[in-house]
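Under mature numbering (1 follows the signal peptide of the UniProt record, and there is no 0), the letters of the sequence shown match residues -21 to -1, 1 to 152, in that order.
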Amino acid sequence: MKNQLILAAGLALAAMSPSYAQNLSKGDQHILEQLAQANMAEVAAGKIALEKASKPEVKNFAQQMVDDHSKGLQAVQDVARSKNVTLPSEPDAKHRKMAERLNSLSGDAFDRAYLSNAGVHDHRDAHKLVADAQKKASDADVKALAAKLQPTVDQHLHTVQAMMGGKNATSEQ
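So this is what it looks like as structure tokens:
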């Protein structure tokens, strides 16, 4: 009887450990990691733009990016935490390089580069990411997260394209 109680207690503890927690497929984990990267990059670029942008409308857009993508990142972190997925804590090399480039610019050149890269290019990538996640994710919570993020990403893309005069530029100018 004592051995059965010890075994039952051991099984109960094992069931609560992260290794026995709800596991996501590698694909769904990758989606969460990409969503985290996209949101972190937008927050970082937006903070740079708040300091360096020369036009008030660019600063306003940057503030919206910081606010909305901070909320988006929190939503991604909440889902990841519930699934015991560890997310990256800083932007990846690609986005660090973009931040360095933005930091090296000023004035109108900064505004154009920020709107083109963090605005149009990254939001096109994010649009594709959330659309693909809704189709390809196997976990219902990951799919729901992507669906929740989609309208914000689409609105940002529409806004920045309008700011650029309807241009569909994706390269630095």
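All C-beta atoms in this analysis are idealised placements derived from N, C-alpha and C, irrespective of residue type, glycine included. Everything numeric in this text was worked out from a predicted model, so none of it was measured.
Beta-carbon within less than 7 angstroms of Thr138's beta-carbon, same chain only, minus the 5 sequence neighbours each way: which residues are those? Phe40
Check whether Val37 and Met142 have beta carbons under 9 angstroms apart: yes
Simplified DSSP assignment, three categories, for Ala88: helix
Taking the alpha helix (DSSP H) that residue 160 falls in, what are its first and last residues? Any answer about residue 160 is impossible in this case: the structure gives the chain only from -21 up to 152.
How long is the line joining the alpha carbons of Asp101 and Arg91, rounded to whole angstroms? 14 angstroms
Tell me the start and end of each unbroken alpha helix (DSSP H) in the stretch 55 to 142 that is at least 4 residues and wholly inside, in chain order. 72 to 82, 86 to 93, 101 to 115, 119 to 142
Which of helix, strand or coil does DSSP assign to Asn2? Coil, per DSSP.
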